[in-house]
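**Q** First the structure, which I've put down as structure tokens, then a few questions once you've had a look.
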Amino acid sequence: KRRTQHREMDDLERLMCKQTILGCVFVLSTLLFFTSMVVLDSRASLFFGVDTVINTLCSWLIFKFTNKFWNSCMNGLRCSCCYDCCFEHLGCNMEELCCGCGGCCDNAV
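Heads up, the sequence shown is in our numbering, so the first residue is 9 and it goes up one at a time.
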């Protein structure tokens, strides 16, 4: 039972991390678009399409059925010392990327 609770907490932590990252990308993309509108005036229309694609991708990635795609996108951000272990558990936490794998999983080196 304790193992199940630990797994649920890990899943919740990964979900919050994913939602936070996607939310920040969503907001920063839109902020960059509005800033470019002020600075570039009419030439900013090019950024509208880019902003729309980024926001649509972030909205799509929020759903659970995209976890495999999300994990493949995050492969480059995983630390090398715990990659094999964390790969099975959807990846390291963002604060553990510098090979500080403590608690990432049971087999962390």
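Note that beta-carbon positions come from the ideal geometry of N, C-alpha and C, so glycine has one too.
In three-state DSSP terms, what is glutamine 13?
**A** To locate residue 13, count along the sequence shown from 1; it is residue 5. Three-state DSSP puts glutamine 13 in a helix.
**Q** Quick one: any contact between the region 49–57 and the region 11–28, if contact means 3 or more CB pairs under 8 Å?
**A** Judged by Cβ distances under 8 Å, the region 49–57 makes no contact with the region 11–28, as fewer than three pairs qualify.
**Q** By a C-beta neighbour count over all protein chains shown, 10 Å radius and 16 as the cutoff for buried, is lysine 26 buried or exposed?
**A** The residue labelled residue 26 in the question sits at position 18 within the sequence shown. Buried is the call here.
**Q** For glutamate 104, does the three-state DSSP call read helix, strand or coil?
**A** For the purposes of this step, residue 104 is taken as the residue at position 96 of the sequence shown. Low confidence applies here, because glutamate 104 scores a pLDDT of 49, under 50, leaving its location unreliable; read the following figure in that light. Note: glutamate 104 maps to helix in three-state DSSP.
**Q** Measure the beta-carbon distance from aspartate 18 to serine 37 and round it to whole angstroms, keeping in mind my assumption that it falls under 8 Å.
**A** Translated into positions along the sequence shown, residue 18 becomes position 10. Translated into positions along the sequence shown, residue 37 becomes position 29. With 8 Å as the limit, aspartate 18 and serine 37 do not qualify as a contact, their Cβ atoms being about 29 Å apart.
**Q** Measure from the alpha carbon of leucine 20 to the alpha carbon of each residue in Met82, Val46, Lys72, Gly57, then state which is nearest.
**A** Along the sequence shown, one-based indexing puts residue 20 at 12. Among Met82, Val46, Lys72, Gly57, the Cα nearest to that of leucine 20 is on Lys72.
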